[in-house]
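Below: one structure, written as structure tokens.
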Ligand SMILES: C[S@@+](CC[C@H](N)C(=O)[O-])C[C@H]1O[C@@H](n2cnc3c(N)ncnc32)[C@H](O)[C@@H]1O
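Residue numbers (my numbering): 13 to 279.
Structure (structure tokens):
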């Protein structure tokens, strides 16, 4: 399932070095500790681009999506060292990276995406990653969108997210499922980690996010079972795009919700 999320929408135009508040926080938490062998447990254009700029000794990047693997291979293959690896696999497979340990492990927006690749595995993912973490695990994610609050910006972000998810469901595909920081903290501890740092980072959604999410809706329309419903939804998408862009201009971005990030070590 293709779906642009807020930070990812902004990321697609980034050029190295990656300037991302969440990755900058991870770099600050990492301090002078060497990155060593690094695992990107849910890879994508942005996290891999960031890792390419770090002083790792080698990296392994895992995706559940062969199409993404091909895109990343095409984009970054020429910059890969002999020990760097792109791997397509599923964390539900006990053989995936069996016996391998990494100094640094990144799970960047992996948790929210699990529902598309391994539904109901969310409570197992940190147990699954635990034997691969020799040093530090960094987990990054998006908090679920609150059902109320946030004024006009909140109403618009909710309306876009609901329309996007409705379109994904009507197309017969699976939505992402996001989790809050406290859930993540609890499950890290249950999986045998100590939480060293945790932080929430407020989000300001911009025009790229608005267009990215609403374009997901448009891409789903051909899969709708009813052409009249698809046409009515197309009109709703464009109406919401106009309302959202106007509010975004007036308010200087849509301030609502937060990303979270956690640094953890085997306990
Ligand atoms: C939202 S994307 C990650 C974003 C990425 N870090 C970036 O730079 O934008 C989620 C990634 O996790 C992978 N993924 C999700 N569930 C998985 C699973 N069960 N096993 C392996 N990879 C999985 C997806 O295939 C994808 O590569």
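For each residue, glycine too, the CB sits at the ideal point set by N, CA and C. All values reported here derive from a predicted model rather than from experimental measurement.
Query: What's the C-alpha gap between residue 244 and residue 130?; Result: 33 Å
Query: Could you check where the alpha helix (DSSP H) with residue 222 kicks off and where it finishes?; Result: 219 to 232
Query: Can you find the residues in the same chain that come closer than 7 Å, C-beta to C-beta, to residue 270, ignoring five residues on each side of it along the sequence?; Result: 155, 212, 213, 214, 215
Query: Within a Cβ cutoff of 7 Å, which residues of the same chain sit near residue 95, ignoring the five residues on either side of it in sequence?; Result: 70
Query: Please state whether the Cβ-Cβ distance between residue 197 and residue 135 is less than 8 Å.; Result: no
Query: Looking at the structure shown, is residue 27 part of a helix, part of a strand, or coil, going by DSSP?; Result: Note that residue 27 has pLDDT 41, beneath the 50 cutoff, so the model's placement of it is unreliable and no number is given.
Query: Out of curiosity, what's the CA-to-CA distance linking residue 43 and residue 147?; Result: 13 Å
Query: In angstroms with no decimal places, state the Cα-to-Cα distance between residue 89 and residue 83.; Result: 10 Å
Query: If I'm right that residue 41 touches residue 67 with Cβ under 8 Å, what's the distance once you round it to whole angstroms?; Result: Not quite, the Cβ-Cβ distance comes to about 16 Å (not below 8 Å), so this is no contact.
Query: Heavy atom of ligand 2 less than 7 Å from the Cβ of residue 57, yes or no?; Result: As far as ligands go, the structure on display features ligand 1 and does not contain ligand 2.
Query: Output the distance between the C-alpha atoms of residue 255 and residue 242, rounded to the nearest integer angstrom.; Result: 20 Å
Query: Buried or exposed: where does residue 85 fall if 16 or more other Cβ atoms within 10 Å of its Cβ makes it buried?; Result: exposed
Query: Would you decide whether residue 132 is buried or exposed? Buried here means 16 or more other CB atoms lie within 10 Å of its CB.; Result: exposed
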